[in-house]
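In terms of this note's numbering, the sequence shown opens at residue 13 and continues consecutively. Below is one structure, written out as structure tokens; the observations come after it.
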Amino acid sequence: MKRPARDIAVEELTAEQAAADLKALESEIAAHDRAYYQKDAPVVTDAEYDALRQRNEAIEARFPELVRPDSPSRRVGAAPAAGFEKVSHSRPMLSLGNAFDDEDVREFVARVRRFLGLAEDESVEVVAEPKIDGLSVSLRYEDGRFVGGATRGDGATGENVTANLSTIPSLPKRVEDGMPRVLDVRGEVYMSKADFAALNRNQEAAGAKTFANPRNAAAGSLRQLDPAITAARPLSFFAYAWGEASEAPAKTHSEFLQKLKHWGFQTNPLARPFCEVEALLSYHAEIAEGRHTLDYDVDGMVYKVNRIDWQDRLGQVSRAPRWAIAHKFAAEQAETVVEEITIQVGRTGTLTPVAVLRPVTVGGVVVSRATLHNEDEIARKDVRQGDAVIVQRAGDVIPQVVSVVAEKRPPDSVPYVFRKDCPICGSLARRAEGEAARRCTGGLICPAQAVERLKHFVSRDAFDVEGLGGKHIETFFADGLIKTPGDIFRLSDKADEIKEREGWGEKSSENLASALIERRGVALDRFIYALGIRQVGQATARLLAKQYGSLKAWRRAMQSARDPESEAYADLVNIDGVGPLVAADLVSFCAEAHNTDVLDDLEGLLTVADFSAPAVQETPVAGKTVVFTGTLEKMSRGEAKARAEALGAKVAGSVSRKTDYVIVGADAGSKARKAADLGVTVLDEAAWLKMIDTS
Ligand code: IVH
């Protein structure tokens, strides 16, 4: 009779026996963890439990190659109090652009056709698949083994949640054949509606916190520091994309989905290819209609160009691929009453009217406030206090007031009059010509603007300080603990004071201090974005970081650019995607004394890393500035620009002395002349293509 591996001394185990025992130990220890942590009902003594863990460790020490990603040795104790280890994605995890109606989808396909320059009789095959409302993760496989996984995070850097992912039953830990040596499999972790309902019932019975929706439950479960808790939460996974791959796993997206299935991944059974836009749209309508019968939340459809070579040519713009788009389902609506209209003041001083609603459930979520956008919107819809209105919400978007139910208007109702002053600081609220927004002129003396800027500063895409949310910023600000962005970092010296505050304790205040210290190192683009300069979102911040490279160089350039005749100004407006309006906001921000004070202060407190361009291969055009003009024959302007950028060139909108090459197509006008005047090298399309021919 075969002896069970457990009865054999560690020194005498064969590799095969060791692997079998490690597997058994993993599930036994996980079961004990669950009994202990979740149910408060351990079934073994502490000594017996310790013996299991010691055996696990001893076997792993003898057979390091057998260490499992889900090993208990990687789990407990490994859970760092301050959060998860950060991992950078070897290829960024992109987000998707949105199509809000059928017309946007037709335009998406037309754009793809234009970009690729397709002939009329050539069809574009597009795969439609449900957009799963969960959270995306990247799973790394090496030699067919699952070796680690991370959350999306900001797309560039996520959190290492390997141990937690290992607990998902439908996620293959080992793939037998045919997978590239290295492959990042990407997809969505979600919780089914049935599992969500059961989890909430259990949580409620145990007096624990319940979750608002399956997505939050999935996110909360995956981001548990203790994998034993994750293991007890029923999570599932749909695979739908890949990141880094040692070789391309497929020629089409459909083929890739087939392979995933073959490798043991769950793929969504509703994915279908279409050649006609109208068929795509009917499929969207069909799934929208039936979505309530699915056992998971779907918030729309995702359309992906099927051919991978076309995907590669299409590339990406900012952080979304040109070859895919999300088509959301129509918003869910409900009727309720506007109890009051209040005004909120945002970080740039914009006065936004908000309807305070009688709470109503819309698409499974209770809504009690909705935006009314601006003065003109209120007038156009004639929304008044006391009106019955239709409200809607779509995905994560802020609820909106769609229309007034005219028949239900109270007889004494009066039109809403928009105030002309700031409700917070009393300063004049001015409306510039041609603009929809009325803005408070109080600047930083307006507490609302100051506090909103600070909230933006620590928000997810900016400094993303763990444990410091908008509500904390509000109370710290109200109590005078923080006034400027620099004060936020000085909070790390005030852990003693913070721990005495309501809602805080020893542990949370120490965690905050260490999170703040960790965040003192920041990438230049995040830093610029965090400043909350008007019109400078993430994409623009990135362009600036790329252009100027370091904080010092950027600041110097913004000072010099105050003179509109300067070369610095010309360079700034010449960044493709900046332009005179954004330039004006940047220059005036950097010219204001209180902003330079804030920047000086932050420079002393932080280490702002120089922009590191993603490694570009040595190409003949890397680092060169090029300008395209006229009509190209072989490819659209968009594709030409994307190709040039992928090869490390900067594409500018107009010709200057800094331009290296001007590529002229047919009917080129003044730019070609200017290039000749300035002595800049002019290339025709063929010469350019020859130059960048890397094959
Ligand atoms: S593809 C480069 N397919 O939607 C393409 N995304 O808004 C990357 N998502 O971050 C995404 N279902 O979390 C893709 N079938 C699906 C999806 C899907 C849900 C999520 C994903 C992504 C977000 C973008």
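Cβ coordinates follow ideal geometry from the N, Cα and C atoms, glycine included.
Span separating the alpha-carbon of residue i from that of residue j
i	j	result
A658	R65	50 Å
A507	R554	33 Å
A244	V173	15 Å
S135	S107	26 Å
S258	V194	5 Å
A661	T631	9 Å
A90	V139	With a pLDDT of 31 at A90, under the threshold of 50, the modelled position of this residue cannot be trusted; read the value that follows with caution. C-alpha separation (whole angstroms): 41 Å.
I587	K35	56 Å
H265	V620	40 Å
T242	R531	27 Å
A70	S100	32 Å
R67	P81	17 Å
I494	L211	40 Å
K683	R152	48 Å
R396	S330	40 Å
V709	S471	Examination of residue 709 is not possible in this model, given that the chain is present from 13 through 707 alone.
G167	R538	13 Å
H484	S520	12 Å
P497	G482	13 Å
N110	K636	33 Å
G327	I675	21 Å
Beta-bridge partners of residue i, as assigned by DSSP
i	result
T373	V378
I675	F640 and L695
L100	Residue 100 is actually Ser in this sequence, not Leu. Bridge partners of S100: T169.
P2	An answer regarding residue 2 cannot be provided, because it is not within the stretch 13 to 707 covered by the chain.
Y202	S248
N68	DSSP output for N68 lists no bridge partner at all.
P333	Q328
F158	Y153
Q404	Q345 and Q412
G533	T619
L363	V357
V395	Beta-bridge pairing links V395 to no other residue.
E352	V368
Outcome for residue i when other beta-carbon atoms lying within 10 angstroms are tallied against a minimum of 16
i	result
C452	buried
G190	exposed
K702	exposed
G454	buried
S233	buried
C434	buried
V667	buried
V378	exposed
H44	buried
Q412	buried
P423	exposed
Any non-hydrogen atom of the ligand IVH within 7 Å of residue i CB
i	result
L106	yes
A300	no
R325	no
K143	yes
Y541	no
V117	no
E200	yes
P333	yes
A336	yes
V470	no
S148	yes
R554	no
A230	no
Sequence-distant residues of its chain with Cβ nearer than 7 Å to residue i (five each side left out)
i	result
D689	none
S182	S248, F249 and Q278
S648	R126, F127 and G129
T643	G677, A678 and D679
P92	Its pLDDT being 31, under 50, P92 is placed unreliably in this model, and the value from its coordinates should be taken loosely. So no residue of the chain qualifies.
Cut-off 8 Å between Cβ atoms - residues of its own chain near residue i, not counting five sequence neighbours on either side
i	result
S11	Lying before the first or after the last residue shown, residue 11 is absent from the chain, which here runs from 13 to 707.
V594	Q547, V548 and T552
T373	A346 and V379
Cut-off 6 Å between Cβ atoms - residues of its own chain near residue i, not counting five sequence neighbours on either side
i	result
G650	F127
Y673	V638, T693 and L695
I410	T383
F430	E387
A580	A569, S572 and A573
A338	L108, N110, K143, G312 and V314
Any chain D beta carbon closer than 8 Å to residue i
i	result
E288	No chain D is part of this structure, which consists of one protein chain only.
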